[in-house]
Amino acid sequence: MLLGRAVYMSVADARSVTEFVASHTPVSEVEVTRGDILSADGRALATSVAAVEVIATPRQVEDPDGSAARLAEVIGSEADLSREEISALLSATEPDGSPGDYSLVATVSPETAERVAELGIVGVYLDSTTERVYPDGRLAAQVIGNYGSGGALGGIEARYDRELSSGRDVELTLDTAVQQELQSALAEAVKEFRAKGAVGVVMRVEDGALVALASSPTYDNNDFSDSPVEVQRNRAITDPYEPGSTLKPFTFAGALEEGAVEPGQSFLVPDNTTVGGHVVWDSVPHEPENMDLPTILADSSNVGTIEVARALGEDGVYGYLADFGFGRDTSLDLPGEDPGYLPERSEWSGVSIGNIPIGQGLTVTPVQLAAAYATLAGGERVQPHISGVEKSRPEDGTGRVISERTSDIVRTMLQSVVEDGTGRLAAVPGYTVAGKTGTSEKVDPKTGTYGDEYYASFAGFAPATDPEYVVVVVVDEPRKSIWGESVAAPAFRKVMEFTLGYFNVPPDRLVPESAEQPSTAEPASTEGGSE
775 MLLGRAVYMS VADARSVTEF VASHTPVSEV EVTRGDILSA DGRALATSVA
825 AVEVIATPRQ VEDPDGSAAR LAEVIGSEAD LSREEISALL SATEPDGSPG
875 DYSLVATVSP ETAERVAELG IVGVYLDSTT ERVYPDGRLA AQVIGNYGSG
925 GALGGIEARY DRELSSGRDV ELTLDTAVQQ ELQSALAEAV KEFRAKGAVG
975 VVMRVEDGAL VALASSPTYD NNDFSDSPVE VQRNRAITDP YEPGSTLKPF
1025 TFAGALEEGA VEPGQSFLVP DNTTVGGHVV WDSVPHEPEN MDLPTILADS
1075 SNVGTIEVAR ALGEDGVYGY LADFGFGRDT SLDLPGEDPG YLPERSEWSG
1125 VSIGNIPIGQ GLTVTPVQLA AAYATLAGGE RVQPHISGVE KSRPEDGTGR
1175 VISERTSDIV RTMLQSVVED GTGRLAAVPG YTVAGKTGTS EKVDPKTGTY
1225 GDEYYASFAG FAPATDPEYV VVVVVDEPRK SIWGESVAAP AFRKVMEFTL
1275 GYFNVPPDRL VPESAEQPST AEPASTEGGS E
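Residue 775 is where the sequence shown starts when you use my numbering, and the numbers rise one by one after that.
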């Protein structure tokens, strides 16, 4: 409410309700109107508007049923209340059964309140207040959170409740155009591949600013109480998953940084290897062949990746994964972030060197993975954030994980994944793109074993020669196909192409006039991960 104590206007009062709301001066301290939540491009994602509470003193209402019928005609549709529900509110009683002194019937617009006033119902009053509204209720709903009669619930509304309650606006790094594009791409992927859901992240490489963050399906924040609880979660930070092959580049980066492997080195790679008594296979049978590092990544070879991990050693693999931020939360300024799971080095078993480097036996969140790819792109850690407060990389070198040389080498290898390997459908005309596909089995929570459901994902950045943006797309339980290259890569391309064009990022490669988009037909997968 705007008032420190109730100051009512009887509906029988002849004054205009609109005039009352606009000019009423309370006799006690006025509560500050809650601040707005603004996008980076200046649009209000959450705001407070003038409203009027319809309040009843049940002991004064002489004909609850008749009054309810008249009120229902005026406020029923706006307040989503039936005549019976309104009648119950007008008949509310005290715990001892006596007629009540106070009952909040509904919150309505000043225009509707004018019509309520014209009814002249004794015992029904009007009180000025504000109502929290979401101009585009489905845009970034899980990120924004909700504010209602119960206070702030989730998202920015909860994280910055103190600032908003004091009347301060909170500006985000989210851009509404990119957010809309991301939500559209995720919804299309869910529909096309008959998936359970999808999650996406767009992050600025330079400073970790989140330009877009979405979960599909979404909901309308203006109908928060009627939306299923499961769609209200911001799954980009709350739902960790096994990343599969999108984790492989980090072992390569560590091995190159430590000199455990050389850029031009090759390995004799069979289609299977035994680790700790367990056999790990590549996704496609093949004869033993010499593979250099770019080919191992481009073909997403599990066996080749394990050879690189063996060269780095268990301590090295664990150390670099921890340095890239896995196993701990990112300190993102949103509530509910899950840290994911990276087994402590002391918890590793004989099979860990064979499953963790290929993205099994650990979990990450999409935001965590995006931050790690931003670090991979520049060699230094970034601080993911969604408020408009500017962040930057440490200038003293304390945030450096890998050298610029190693970063350059890995970027080139990931570029070959898109140009020559499993990530062809992620290619963006006019730009070099670096990225990695992933297809990972889901663990059945009832049995603790892998089931028949999968995550399909793609993580990458562009331009590969001078990275500006990271995009991560994760599709949950796709039915039409399970492969990251066919399910997630096209959505990545759509979002990345829009983002680069929208922010006027200069193209870094020429596009022949005859160039066409890669076919979106089902590719013959050679992808590894946890297949």
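C-beta: ideal position from N, C-alpha, C; glycine also.
Item to check | Rounded separation between Ser1181 and Thr807 - CA only | outcome: Rounded to whole angstroms, the separation of the alpha carbons of Thr807 and Ser1181 is 48 Å.
Checklist entry - Is Ala983 helix, strand or coil when you go by DSSP? => result Reduced to three states, the DSSP call for Ala983 is strand.
Checklist entry - Three-state secondary structure (DSSP) at Leu1242? => result The sequence shown places Glu at residue 1242, not Leu. In the displayed model, Glu1242 falls within coil according to three-state DSSP, outside both helix and strand.
Checklist entry - Applying the criterion that 16 or more other CB atoms from any shown protein chain within 10 Å of the CB defines a buried residue, is His1159 buried or exposed? => result Classification of His1159: buried, given that the 10 Å Cβ count is 16 or more.
Item to check | Endpoints, the alpha helix (DSSP H) within which Lys1210 is located | outcome: Taken as a continuous stretch (DSSP letters only), Lys1210 belongs to no alpha helix (DSSP H), being part of the beta strand (DSSP E) at Ala1208 to Val1217.
Checklist entry - Would you call the CB atoms of Ser1019 and Lys1210 closer than 8 Å? => result By the CB criterion at 8 Å, Ser1019 and Lys1210 fall inside the cutoff.
Next on the checklist: To the nearest angstrom, how far is the alpha carbon of Ala1145 from that of Gly1087?
Outcome noted: Whole-angstrom Cα-Cα distance: 24 Å.
Item to check | Beta-carbon contacts of Arg968 that lie in its chain and below 8 Å, excluding the five residues immediately before and after | outcome: Contacts found: Pro1252, Arg1253 and Lys1254.
Checklist entry - For the beta strand (DSSP E) that contains Glu937, what are its first and last residues? => result Glu937 -> not in any beta strand (DSSP E); alpha helix (DSSP H) instead, spanning Asp935 to Ser939.
Checklist entry - Should Asp875 go down as buried or exposed, given a rule of 16 or more other Cβ atoms within 10 Å for buried? => result The residue is exposed, with fewer than 16 neighbouring Cβ atoms inside 10 Å.
Checklist entry - If you draw a straight line from the alpha carbon of Ala972 to that of Glu892, how long is it in whole angstroms? => result Between Ala972 and Glu892, the C-alpha separation is close to 50 Å.
Next on the checklist: If the criterion is Cβ atoms closer than 8 Å, does the pair Val1156 and Ala1085 meet it?
Outcome noted: Contact: no.
Next on the checklist: Tell me the rounded alpha-carbon separation between His798 and Gly897.
Outcome noted: Caution is warranted here: a pLDDT of 39 is assigned to His798, below 50, making its placement in the model unreliable, and no coordinate value can be reported.
Checklist entry - Can Ala1262 and Val1244 be called in contact, C-beta distance under 8 Å? => result No, these two residues do not count as a Cβ contact at 8 Å.
Checklist entry - DSSP on Thr1104, reduced to helix/strand/coil? => result Residue state, collapsed to three classes: coil.
Next on the checklist: Using CA atoms only, rank isn't needed, just tell me which of Ser841, Arg1283, Glu1259 and Ile1070 is closest to Ala1230.
Outcome noted: Checking every option, the nearest Cα to that of Ala1230 belongs to Glu1259.
Checklist entry - Should the region 1005-1012 be regarded as contacting the region 1108-1126, the criterion being three or more beta carbon pairs within less than 8 Å? => result Output reads yes: the region 1108-1126 touches the region 1005-1012.
Next on the checklist: Among the candidates Thr1221, Arg1174 and His1052, whose CA atom is the shortest distance from the CA of Gly1099?
Outcome noted: If we check each option's Cα against that of Gly1099, Arg1174 comes out closest.
Next on the checklist: Can you tell me whether Val1202 is helix, strand or coil according to DSSP?
Outcome noted: Of the three classes helix, strand and coil, the one that applies to Val1202 here is coil, per DSSP.
Checklist entry - From Asp1097, Asp1194 and Glu1242, pick the residue whose C-alpha is nearest to that of Thr1069; which is it? => result Closest by alpha carbon: Asp1194.
Item to check | Residue environment, Thr1221, which counts as buried when at least 16 other CB atoms sit within 10 Å | outcome: Exposed is the call here.
Item to check | Burial state of Leu1150, where buried means 16 or more other Cβ atoms lie within 10 Å | outcome: With 16 or more other Cβ atoms from the protein chains shown falling within 10 Å of its own Cβ, Leu1150 counts as buried.
Next on the checklist: Rounded to whole angstroms, what is the Cα-Cα separation between His1060 and Ser1214?
Outcome noted: In a straight line, the C-alpha of His1060 is about 21 Å away from that of Ser1214.
Item to check | Among Ser1177, Lys1216 and Met1187, the one whose alpha carbon lies nearest that of Glu1031 | outcome: Per the Cα distances, Ser1177.
Checklist entry - Between Leu1116 and Leu1143, is the Cβ-Cβ spacing less than 8 Å? => result For Leu1116 and Leu1143, no; Cβs fall outside 8 Å.
Next on the checklist: I need the straight-line Cα distance from Phe1041 to Met1065, nearest angstrom please.
Outcome noted: Their Cα atoms are separated by approximately 5 Å.
Next on the checklist: Can you give me the C-alpha to C-alpha distance between Tyr934 and Gly840, rounded to a whole angstrom?
Outcome noted: Going from the Cα of Tyr934 to the Cα of Gly840 covers about 44 Å.
Checklist entry - Taking all protein chains shown into account, do 16 or more other C-beta atoms lie within 10 angstroms of the C-beta of Lys965, making it buried, or fewer, making it exposed? => result Classification for Lys965: exposed.
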